[in-house]
Amino acid sequence: MLGKEVTQAGSNITVERLRFDYTYNGKPTQVELKQIETIINAKIKANLPVIKTTENKEEAIKSGARAFFAEKYPAQVTVYTIGDYSKELCGGPHVDHTGAIGPITILKDEALGSGKRRIYAKIV
């Protein structure tokens, strides 16, 4: 949607809401934010399984897992895979399937500083 240069820079998620920090050199339009919301809700509605595995960090990265905070991970890592859509190193916790989340509504997007942004959303 916004390009492959976008990476996660942090998050905070509860059962009611989420905050997602990301890198992006620009400001997403309202149309782009609505498209992001639509994609997320489609993945939630698809009720995709969330598979948790423990792997060697280097092997996981070689296999295509995204490691947004690679320097912070130990040699053995937890990898979460959501269908063929997402494979990431993460500390979790996570749901067993995407349908357990419920749809989201993006409330706002704001700049945090040079090249970093934050999305706020509620889980409805």
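Take 24 as the starting number for the sequence shown in this note's numbering and just add one per residue.
Glycine included, every Cβ here is placed at the ideal spot set by N, Cα and C.
In the same chain as H117, and ignoring 5 residues on each side of it, the C-beta atoms closer than 6 Å to its own belong to V73, Y103, in chain order. DSSP places I124 outside both helix and strand once states are collapsed to three, so it counts as coil. Nearest C-alpha to E28 among L41, T46, I67: T46. One Cα belongs to P126, the other to A83, and the distance between them is close to 30 Å. Under the DSSP assignment, V73 falls outside any alpha helix (DSSP H), being part of the beta strand (DSSP E) whose first and last residues are 73 to 79.
As computed with DSSP, T104 is found in a beta bridge with I74, K110.
Residue range 40 to 46 is occupied by the beta strand (DSSP E) that includes T46.
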